[in-house]
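Participant:
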Ligand code: ADP
Ligand code: MG
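In the working numbering, the protein residues as written are 1031 to 1271.
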């Protein structure tokens, strides 16, 4: 890796700095006079290199929490630290850096662009990073290799199985070499064998040091996690056995 960047906020791969530290985090939505308290005081620390799943009923606040972990939104009150960056006091530029470099996102619906090839979809994940053409090609090849799709780079999503499409989406998320991968129901649209395919990719990435936070309804996924959290009506509990 050739990353010449030593900003003060950069936690590098320092395992002593937790990937996340949340204290008293609330998120309240106001819509047409209605108030929804999506998160009601979440305190949680997520260690660097951990594999954490978040389960819980629909409407419990899982996606809201993931948005905060991805620096896509800010809490109503409380504190979210991503590595050494505090969301509340971060500049717009810091937040852009976190989104462009530190965090990768994977969704249930893959969200691939059907007219682009797998390699072009993966390259989309590098758009904010502003790399040279050569470096971009290298990162795309590296990411596709990580998900065992080196031989499918020129296929369009419609020519791939659901499991392969989700692996392309994972490649798009990891091409920027993020510290954390956030996934919202990544196996929700997949049958069992494809789910196992995604699980082994995720486990391999985690073994290489990537921190994983995975929202899932699938207890087979949760069983593989090192740590299991439950989020119900905006309140988090650790349910690791
Ligand atoms: P989950 O992902 O666990 O199903 P969400 O985080 O999506 O839960 O939603 C938590 C609560 O916040 C729900 O009551 C939902 O309707 C509400 N909510 C989520 N996003 C918004 C929004 N942008 N505006 C208003 N209410 C929202
Ligand atoms: Mg959700």
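Quick reminder that beta carbons are idealized off the backbone N, C-alpha and C, glycines included.
(1) Applying the criterion that 16 or more other CB atoms from any shown protein chain within 10 Å of the CB defines a buried residue, is residue 1250 buried or exposed?
(2) Determine the contact status of residue 1108 and residue 1068, defining contact as a CB-CB distance below 7 Å.
(3) Looking at C-beta atoms only, is the number of pairs between the stretch 1098 to 1116 and the stretch 1131 to 1141 that lie closer than 8 Å three or more?
(4) In its own chain, which residues sit with a C-beta less than 7 Å from the C-beta of residue 1179, not counting the 5 before and 5 after it?
(5) How about residue 1068: is its Cβ closer than 6 Å to a heavy atom in ligand 1?
(6) Ordered along the chain, which non-local residues of its own chain (more than five positions away) have a Cβ less than 8 Å from that of residue 1143?
(7) Roughly how many whole angstroms lie between the Cα atoms of residue 1065 and residue 1114?
(8) Rounded to whole angstroms, what is the Cα-Cα separation between residue 1059 and residue 1070?
(9) Does the separation of the CB atoms of residue 1260 and residue 1085 fall below 7 Å?
(10) Any contact of the stretch 1209 to 1220 with the stretch 1166 to 1185, i.e. 3+ C-beta pairs under 8 Å?
(11) Name, in chain order, the residues that DSSP records as bridge partners for residue 1075.
(12) Out of curiosity, what's the CA-to-CA distance linking residue 1239 and residue 1089?
(13) Going residue by residue through the stretch 1081 to 1120, where are the continuous alpha helix (DSSP H) segments of at least 4 residues, counting only ones entirely within it?
(14) Applying the criterion that 16 or more other CB atoms from any shown protein chain within 10 Å of the CB defines a buried residue, is residue 1214 buried or exposed?
(15) Are the beta-carbon atoms of residue 1257 and residue 1082 separated by less than 7 Å?
(16) To the nearest angstrom, how far is it from the Cα of residue 1146 to the Cα of residue 1170?
Facilitator: Put simply:
(1) Answer is exposed; the Cβ neighbour count stays below 16.
(2) no
(3) yes
(4) 1148, 1194, 1197, 1198, 1201
(5) yes
(6) 1150, 1151, 1154, 1187
(7) 32 Å
(8) 12 Å
(9) yes
(10) no
(11) Residue 1075 is bridged to 1051.
(12) Across the structure, residue 1239 and residue 1089 are spaced so that their CA atoms are roughly 31 Å apart.
(13) 1092 to 1099
(14) Around the beta carbon of residue 1214, a 10 Å sphere encloses 16 or more other beta carbons of the protein chains shown; the residue is thus reported as buried.
(15) yes
(16) 14 Å
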